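Trainee: Sharing a structure with you now.
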Ligand SMILES: NC(=O)c1ccc[n+]([C@@H]2O[C@H](COP(=O)([O-])OP(=O)(O)OC[C@H]3O[C@@H](n4cnc5c(N)ncnc54)[C@H](OP(=O)(O)O)[C@@H]3O)[C@@H](O)[C@H]2O)c1
């Protein structure tokens, strides 16, 4: 029987999520990869235990995580039952709906029909009464924003989620959605965009909206799916995400031009006595509109490496200048 580390809250400094009452750990763990039926359950269990033992209280899922879709939630449900039931009130568990999940016209996008049904399915798979955060996973150009936001509000009022979030919405739509949600009395807690040194679209307006609306930001793919580590410097290792058939990182993305930048960034990280993964995480956390950085890991070792980022979160101006010149 798993017994959580008694010292789990001794070193982690939690950060307030926007203007809400909720704080989150600066590093959260995502279950997009490495928790499906194609993966080893024991490894997933070990990573979740290590995360919680180190003060990581937030685990992020979605209806479609796997493969096959749904299996990450089912596997998480098993681990939850075995290990985490005594700790449920210490956990922030999120899930999402927005991508294709079941056949027919009601298993995708952003209608009230899809979102309510999908969350009911997610709760069954995880064997939970409620999730802490329910997200609309991507904007739906065909459903009125009012309907999608009313569905999020309904889900909270039904007690199936405590808070709501948006993911992959641009600045303009985030602002509109946030205004609707505030009117309904269910403010948007959090926004989950892709954000890393290699993908900085959020700096062009979205972060400002998060700041003014009081919404927390949680950056996904902070290591650009593993590119922002030293693992691809000498080629594509076996078993890496880029090598796996089920991985979303395409081999073609690992270009010479990217690796040249990675080598230079790695040298900056070494000068800071950090791994590149640690520096990439710290670089995101320097902006207080980013409440948490949502990492994915395939081993306990990677998770511990990433947590080590918290030992050095500050940058001096010259380091930031060098990083900018490399990223240009
Ligand atoms: N809202 C959305 O639309 C959306 C989309 C994508 C992701 N997400 C969320 O964000 C989470 C994280 O995304 P992500 O998995 O792409 O994040 P990531 O942290 O950028 O990439 C994770 C991968 O990087 C490698 N890695 C991690 N730490 C490492 C280290 N210290 N040293 C060497 N390699 C390391 C591992 O690759 P190997 O497997 O090769 O070892 C790992 O699987 C997801 O689990 C999910 O919760 C949300």
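Numbering (my numbering), first residue to last: -4 to 323. From the three backbone atoms N, C-alpha and C, an ideal C-beta is built for every residue, glycine too. Treat the numbers as computed from the prediction; the structure is a model and nothing was measured.
#1: Note down the Cα distance separating residue 29 from residue 78, rounded to an integer number of angstroms.
#2: Mind checking whether residue 231 and residue 258 have CB atoms under 8 Å apart?
#3: Does at least one heavy atom of ligand 1 sit under 7 Å from the Cβ of residue 300?
#4: If distances are taken between C-alpha atoms only, which option among 289, 52, 180 and 243 comes closest to residue 215?
#5: Consider the C-beta atom of residue 27 and the heavy atoms of ligand 1; say whether any pair is separated by less than 7 Å.
#6: Evaluate contact between the segment 41 to 50 and the segment 188 to 208, counting only Cβ atoms and requiring at least three cross-stretch pairs below 8 Å.
#7: Leaving aside the five residues before and after residue 8 along the sequence, list all residues of the same chain whose C-beta is less than 8 Å from its C-beta, in chain order.
#8: Which of the three DSSP states, helix, strand or coil, is assigned to residue 45?
#9: Any idea which residues DSSP pairs residue 211 with across the strands?
#10: How would you call residue 91, buried or exposed, if buried means at least 16 neighbouring beta carbons within 10 angstroms?
#11: Would you kindly report the start and end of the unbroken alpha helix (DSSP H) that includes residue 72?
#12: If the criterion is Cβ atoms closer than 8 Å, does the pair residue 102 and residue 74 meet it?
#13: By the 10 Å Cβ neighbour count, where 16 or more other Cβ atoms means buried, how is residue 313 classified, buried or exposed?
#14: Is residue 293 close to ligand 1? I mean its beta-carbon at under 7 Å from any heavy atom of the ligand.
#15: Indicate the three-state DSSP secondary structure (helix, strand or coil) for residue 158 in the structure shown.
#16: Using the rule of at least 16 other Cβ atoms within 10 Å of the residue's Cβ for burial, across every protein chain shown, is residue 83 buried or exposed?
#17: Is any heavy atom in ligand 1 found nearer than 7 Å to the beta carbon of residue 290?
#18: Tell me the residue span of the alpha helix (DSSP H) that contains residue 150.
#19: Less than 6 Å between C-beta atoms, sequence neighbours within five positions excluded: which residues of the same chain meet that for residue 87?
#20: If I measure Cβ to Cβ from residue 169 and keep anything under 7 Å in the same chain, skipping five residues before and after, which residues do I get?
#21: Around the C-beta of residue 61, are 16 or more other C-beta atoms found within 10 angstroms, so that it is buried, or is it exposed?
#22: In chain order, what are the residue ranges of uninterrupted alpha helix (DSSP H) at least 4 long that sit wholly in the segment 75 to 99?
#23: I need the boundaries of the alpha helix (DSSP H) containing residue 34, first residue and last residue.
#24: Residue 287 lies in the beta strand (DSSP E); which residues open and close that run?
#25: Helix, strand or coil for residue 294? Go by DSSP, reduced to three states.
#26: Strictly under 8 Å for the Cβ-Cβ distance: is residue 135 near chain B by that measure?
#27: Which of the three DSSP states, helix, strand or coil, is assigned to residue 25?
#28: Considering only their Cβ atoms, is the gap separating residue 96 from residue 59 smaller than 8 Å?
Mentor: On the basis of the coordinates in this document:
#1: 18 Å
#2: no
#3: yes
#4: 289
#5: yes
#6: no
#7: 21 and 305
#8: helix
#9: 185
#10: buried
#11: 66 to 74
#12: no
#13: exposed
#14: yes
#15: strand
#16: exposed
#17: yes
#18: 140 to 152
#19: 52, 53 and 127
#20: 161, 186, 201 and 204
#21: buried
#22: none
#23: Per DSSP, residue 34 belongs to no alpha helix (DSSP H) and is neither H nor E.
#24: 285 to 290
#25: coil
#26: The question asks about chain B, but that chain is absent: this structure has only one protein chain.
#27: strand
#28: yes
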